[in-house]
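Below is one structure, written out as structure tokens, with a few remarks after it.
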Amino acid sequence: MKMNSQNSGFANRMVVCEVLPPKIENEGLVPEKVKERLHRFKIAQDDQCVMCGMSKETRDHLFFDCHLSNLSFLRIKDWLDWKVSTTTIPKLLRWIARAKLSPFRKQVLAAALAATVYQIWHCRNVAIWNQRVCTVMVLTKRIQSDVKNRIQGVMPKKVKLIDREWFENL
Ligand SMILES: [Zn+2]
């Protein structure tokens, strides 16, 4: 069956959205110039970031140079009292690994980073498909809710009281 060009474009976009989820544990799996590639292959109409329309969509722009992702991540860091200035995913992961924090707190920070990446990617895909960009507030709330649910689901039995109280008050 021969697909018309519009349908094959649609199919390609579907495939690309599905095969390129951000895998934060292996930075290499997220192409550096995500939408620029789609544009080169004539899948996207342009190479601009769909969330702000102000810059080329590259991996570094999405995570976390784009003002939408940047502001959300700032709020998440405030929420968790996470005092870190670095903003690249590999450096953030390294920071968590080396931090003098309890294993539980590290677990929460890692979950927050994963949720942030996931929700930004989701927001970006929704913007492509539905032409609707989420707000900083919505994005931040989704990340917070992911972190709460995820950690509550895997809450270890042995968590220091101080950590448990900190988490419950988030
Ligand atoms: Zn942007």
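Going by our numbering, the first residue of the sequence shown is number 13, and it counts up by one from there.
Each residue gets a CB set at the ideal place from its N, CA and C atoms; glycine is no exception.
Pocket of ligand 1 defined by Cβ to heavy atom distance under 5 Å
Any residue whose Cβ sits closer than 5 Å to a heavy atom of ligand 1 makes the list: Cys61, Met63, Cys64, Cys78.
Is it buried or exposed for Ile155, if we count other Cβ within 10 angstroms and need 16 for buried?
With 16 or more neighbouring CB atoms inside 10 Å of its own CB, Ile155 falls in the buried class.
Proximity test, Val150 beta-carbon vs ligand 2 heavy atom, cut-off 7 Å
Looking at this structure, you won't find ligand 2 anywhere; what it does contain is ligand 1.
Lys160 and Leu182 closer than 8 Å at C-beta:
Taking 8 Å as the Cβ cut-off, Lys160 and Leu182 qualify as a contacting pair.
Would you tell me roughly how many angstroms separate the C-alpha atoms of Thr100 and Asp72, rounded to the nearest one?
Roughly 7 Å between the two C-alpha positions.
For the alpha helix (DSSP H) that contains Gly65, what are its first and last residues?
For Gly65, there is no enclosing alpha helix (DSSP H), as DSSP marks it with neither H nor E.
Terminal residues of the alpha helix (DSSP H) in which Thr152 lies:
Thr152 -> alpha helix (DSSP H) spans 148-165.
Check for me: the alpha helix (DSSP H) holding Arg6 runs from which residue to which?
The structure shown has nothing for residue 6, since the chain only spans 13 to 182.
For the putative contact between Phe85 and Thr128, defined by C-beta atoms under 8 Å, what is the C-beta separation to the nearest angstrom?
Sure, about 6 Å apart at Cβ, within 8 Å.
Kindly list the residues whose CB is nearer than 8 Å to the CB of Gln164, restricted to its own chain and excluding five residues on each side of it in sequence; keep chain order.
Around Gln164: no qualifying Cβ.
Could you give the C-beta distance for Leu121 and Ile108, rounded to a whole number, given that I count them as a contact under 8 Å?
The beta-carbon separation of Leu121 and Ile108, rounded to 5 Å, stays under the 8 Å limit for a contact.
Can you tell which of Asp175, Lys170, Thr152 has its C-alpha closest to the C-alpha of Trp91?
Closest option to Trp91, Cα to Cα, is Thr152.
State the DSSP-derived secondary structure class of Gln143, mapped to helix, strand or coil.
Collapsing the DSSP output to three states places Gln143 in coil.
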